[in-house]
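>
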Amino acid sequence: MSKEDAPLTQQLLIDGMLPSLAPLLVECPGKREPLCEVVYAYTQPQVLSRLNVLRALKESMSQMPAYVSCLSYFLPMEIQVGLQDEHLLRHYQYYALVALQSPQPSVRVAGLAMLTEVSKEFGNFAHNVLHETDTFCNLVADDWWEVQGQLMLLTGCLLEHAASVQAEGTSADKDLEAIRKTAEQRLLSVAEELMSLKGRSKVVIQIGLCSLAKVLRPYPQLLPGYVAALLQQPAQFRHRILEHQGSIRKRYSIGTSSRVYEECCLLDYWPGVDIARTMAEVAAAQNLPHLETEHFEVLTCCLPESSVDLDDTWLMVFEKMKNYIFVAFLDPVLHDLAVEVVRRYWLCRPQAAAQRALDASKKTLLQILRLHYSDAATGEAKIKETALVDFLREMKEAGGAVASMLQSVVDQFREVFGSSRHPSFSAGP
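Here the sequence shown is numbered in this note's numbering, starting from 185 and rising by one per residue.
1. Would DSSP call Leu335 helix, strand or coil?
2. Per the contact definition of three or more C-beta pairs closer than 8 Å, is the region 398 to 410 in contact with the region 455 to 474?
3. Per DSSP, which one or two residues make a beta bridge with Arg433?
4. Can you grab the Cα-Cα spacing for the pair Leu396 / Lys566, in whole Å?
5. Should the region 253 to 273 be called in touch with the region 295 to 307, which here means at least 3 C-beta pairs below 8 Å?
6. With respect to the alpha helix (DSSP H) encompassing Leu202, which residues constitute its N-terminal and C-terminal limits?
7. With a 10 Å radius around its C-beta and 16 neighbouring C-beta atoms as the bar for buried, classify Thr339 as buried or exposed.
8. What does the alpha-carbon distance come out to for the pair Glu221 and Glu427?
9. Roughly how many angstroms separate the alpha carbons of Pro408 and Arg234, rounded to a whole number?
10. Between Leu273, Gln194, Tyr279 and Leu450, which lies nearest to Ala240 when the distance is taken from Cα to Cα?
11. What are the boundary residues of the alpha helix (DSSP H) that includes Cys220?
12. Using a Cβ distance threshold of 8 Å, determine whether the region 244 to 256 contacts the region 291 to 298, with at least three qualifying pairs required.
13. As a quick exercise: from Leu232, Phe309, Gly333 and Leu314, pick the residue whose alpha carbon is nearest that of Leu371.
14. From Asn308, Gln247, Pro289 and Gln285, pick the residue whose C-alpha is nearest to that of Gln268; which is it?
15. Take Ala367 and list the residues in its own chain whose beta-carbon comes closer than 8 Å to its own, dropping the five residues that flank it on each side.
16. For the alpha helix (DSSP H) holding Trp498, just list the boundary residues, first then last.
17. Which of helix, strand or coil does DSSP assign to Asn471?
18. Helix, strand or coil for Met248? Go by DSSP, reduced to three states.
19. Consult DSSP for Ser286 and reduce its assignment to one of helix, strand or coil.
20. Reducing DSSP to helix, strand and coil, say where Phe601 ends up.
21. With distances taken between CB atoms, is the gap from Leu272 to Leu335 smaller than 8 Å?
22. What does the Cβ neighbour count give for Arg364, buried or exposed, with the cut at 16 atoms within 10 Å?
23. In terms of residues, what are the limits of the alpha helix (DSSP H) holding His392?
24. Please state if the CB of Leu518 and the CB of Glu478 are separated by a distance shorter than 8 Å.
25. Short check: CB of Val252 to CB of Ala206, under 8 Å?
26. Can you give me the Cβ contacts of Lys215 inside the same chain, cut-off strictly under 7 Å, excluding the 5 residues immediately before and after it?
27. Does the separation of the CB atoms of Val210 and Gln247 fall below 8 Å?
28. Can you check whether the CB of Ala413 is closer than 8 Å to the CB of Gly383?
29. Using CA coordinates, which residue listed in Arg533, Ser490, Ser286 and Leu360 is at the minimum distance from Asp326?
30. Are Leu590 and Lys580 touching if we call contact CB-CB under 8 Å?
31. Exposed or buried, what is Thr497 when buried is set at 16 or more other beta-carbons lying within 10 Å of its beta-carbon?
32. Between Ile552 and Val526, is the Cβ-Cβ spacing less than 8 Å?
33. Less than 8 Å separating the beta-carbons of Ala512 and Tyr529?
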């Protein structure tokens, strides 16, 4: 019927269906999204038609919070059919800003979701929302996890927009540029506060890790808090966003009005070398006694494929972390992870970089061999000798500079510490 006589169908929707659907939309939050899809299935994809239906729906619904919640489901449908009319989008933006003042958390969530949706799709509206930061940045103190999560999504979206404006240099007006910079600083403060782990839900942190991954390059001041949050996430949460499995959509709460969130693979967006460098600097500054499994998981994910050359920054990371890496060599739990990192550096491209990594390894490797074969009890578990010797033999078989370095270290070890008491080792490389 909608195809044969679209105007009549829509009028029947307004006169007959909406009065019946309105009570359901108010009383059944869990059914709002599918019911909104039904409403728009019989609405013409023109701006005036959509506005008429929205106006009629508002008049039929007795509660503004429920209407705002419905708008948050209608907005993606507008975008999907390409309706980019300024008046229509301003309708959504107005009610989104009104929703932020609601005492109901679910309504505040709906308002933030609409601002994120419109900012993500339309640069000019993102600019408008950027100027409204003082109306929503105070929600950083909101104690409802989903308000924090949606605020995190909006913050990441607006920072991405602000960074693109700055990179393009499209803002010539000094007053507008000053407003943008002020808003940018507010958003950075919000991001840092939400990622600060001060009683934050692991779900909010997960949302933040995904939403901020794209803006770490233009805003490196976020890196320390970002890395700390990533390392402290539960393993199952961290693994989901470090594995190459594409984006997945998750509903973190079973509540009737909870939103669906997208978890992306961080490796597709983050600056891996900056993550690794920050982790190395923090470990050195905190004088950590050793690294944990999560440090190595993140480091191995940061390292590029073997076909990619390692630059000076990567070599600096190795220089800062080599002591931790070689200590992990002797740890039964961390040995395999440490071996993977060392192998990547010793066999890296270009050859000059590999040589620098090998030269930086000599002294530390010698100390590690001494520690492993020392008679002094350390109270810590060590790997089996065969695991250590097998890796050294594998590396020696690679030939070239690696074999020369290993032979030099082994000769030094035998000369200084002797080898008669360690037959397995003396038969090694």
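For every residue, glycine included, the Cβ atom is placed at its ideal position computed from N, Cα and C.
Checking against the coordinates, here is how it stands:
1. Taking the first residue of the sequence shown as 1, we reach residue 335 at position 151. Three-state DSSP puts Leu335 in a helix.
2. The region 455 to 474 vs the region 398 to 410: in contact.
3. Translated into positions along the sequence shown, residue 433 becomes position 249. BP columns for Arg433 point to Glu446.
4. The count along the sequence shown starts at 1 and reaches residue 396 at position 212. The count along the sequence shown starts at 1 and reaches residue 566 at position 382. Going by the C-alpha atoms only, they are around 39 Å apart.
5. By the Cβ rule, the region 253 to 273 counts as touching the region 295 to 307, because three or more pairs are nearer than 8 Å.
6. Residue mapping note: residue 202 aligns to position 18 of the sequence shown, counting from 1. Residues Leu202 to Glu211.
7. Translated into positions along the sequence shown, residue 339 becomes position 155. Classification of Thr339: buried, given that the 10 Å Cβ count is 16 or more.
8. Taking the sequence shown and counting its residues from 1, one reaches residue 221 at position 37. Taking the sequence shown and counting its residues from 1, one reaches residue 427 at position 243. Rounded to the nearest whole angstrom, the C-alpha separation of Glu221 and Glu427 is 34 Å.
9. The residue labelled residue 408 in the question sits at position 224 within the sequence shown. The residue labelled residue 234 in the question sits at position 50 within the sequence shown. When rounded, the separation of the alpha-carbon atoms in Pro408 and Arg234 is 46 Å.
10. If you number the sequence shown from 1, residue 240 lands on position 56. Of the residues Leu273, Gln194, Tyr279 and Leu450, the one whose Cα lies closest to the Cα of Ala240 is Gln194.
11. In the sequence shown, counting from the first residue as 1, residue 220 sits at position 36. Taken as a continuous stretch (DSSP letters only), the alpha helix (DSSP H) holding Cys220 covers Arg216 to Ala225.
12. In short, these stretches touch, since the Cβ pair count reaches three.
13. As a first step, residue 371 must be located in the sequence shown, where it is residue number 187. The candidate whose alpha carbon is nearest that of Leu371 is Leu314.
14. Sequence index remark: in the sequence shown, residue 268 carries index 84 (1-based). Ranked by Cα distance from Gln268, the options Asn308, Gln247, Pro289 and Gln285 are led by Asn308.
15. As a position in the sequence shown, residue 367 is number 183, starting the count at 1. Counting only residues of its own chain and dropping the five nearest sequence neighbours on each side, Ala367 has a CB closer than 8 Å to the CB of Leu314, His315, Thr317, Leu342 and Ala346.
16. Counting from 1 along the sequence shown, the entry for residue 498 is found at position 314. Element bounds for Trp498: Asp496 to Phe513.
17. Counting from 1 along the sequence shown, the entry for residue 471 is found at position 287. Note: Asn471 maps to coil in three-state DSSP.
18. For the purposes of this step, residue 248 is identified with residue 64 of the sequence shown, where counting begins at 1. Met248 falls in the helix class under three-state DSSP.
19. Numbered from 1 along the sequence shown, position 102 holds the residue referred to as residue 286. In the structure shown, Ser286 sits in coil (DSSP, three-state: anything other than H, G, I, E or B).
20. Locating residue 601 in the sequence shown gives position 417, counting from the first residue. In this structure, DSSP gives Phe601 a helical state, which the three-state scheme calls helix.
21. Residue numbering aside, residue 272 sits at position 88 when the sequence shown is read from its first letter. Residue numbering aside, residue 335 sits at position 151 when the sequence shown is read from its first letter. No, Cβ-Cβ distance for Leu272 and Leu335 is not below 8 Å.
22. Within the sequence shown, residue 364 is the residue found at index 180, counting from 1. With 16 or more other Cβ atoms from the protein chains shown falling within 10 Å of its own Cβ, Arg364 counts as buried.
23. Counting from 1 along the sequence shown, the entry for residue 392 is found at position 208. The sequence given here places Gly at residue 392; His does not occur at that position. First-last of the alpha helix (DSSP H) with Gly392: Lys386 to Leu396.
24. Position 294 of the sequence shown, counting from 1, holds the residue named residue 478. Position 334 of the sequence shown, counting from 1, holds the residue named residue 518. Not closer than 8 Å, so no.
25. Here residue 252 corresponds to residue number 68 of the sequence shown, with the count starting at 1. Here residue 206 corresponds to residue number 22 of the sequence shown, with the count starting at 1. The beta carbons of Val252 and Ala206 sit no closer together than 8 Å.
26. Numbered from its first residue, the sequence shown carries residue 215 at position 31. Only Leu208 meet the Cβ criterion.
27. Within the sequence shown, residue 210 is the residue found at index 26, counting from 1. Within the sequence shown, residue 247 is the residue found at index 63, counting from 1. In this structure, Val210 places its C-beta atom within 8 Å of the C-beta atom of Gln247.
28. Mapped onto the sequence shown, residue 383 falls at position 199. Mapped onto the sequence shown, residue 413 falls at position 229. With contacts defined by Cβ atoms closer than 8 Å, Gly383 and Ala413 do not form a contacting pair.
29. To locate residue 326, count along the sequence shown from 1; it is residue 142. Among Arg533, Ser490, Ser286 and Leu360, the Cα nearest to that of Asp326 belongs to Ser286.
30. For the purposes of this step, residue 590 is taken as residue 406 along the sequence shown, with counting starting at 1. For the purposes of this step, residue 580 is taken as residue 396 along the sequence shown, with counting starting at 1. Their beta carbons are under 8 Å apart, which means Leu590 touches Lys580 by this criterion.
31. Walking along the sequence shown from the start, residue 497 turns up at place 313. It is exposed - the Cβ of Thr497 has fewer than 16 other Cβ atoms within 10 Å.
32. Taking the sequence shown and counting its residues from 1, the one referred to as residue 552 is at position 368. Taking the sequence shown and counting its residues from 1, the one referred to as residue 526 is at position 342. Ile552 is not a Cβ neighbour of Val526, given a cutoff of 8 Å.
33. Residue mapping note: residue 512 aligns to position 328 of the sequence shown, counting from 1. Residue mapping note: residue 529 aligns to position 345 of the sequence shown, counting from 1. Going by beta carbons, Ala512 and Tyr529 fall outside the 8 Å limit.
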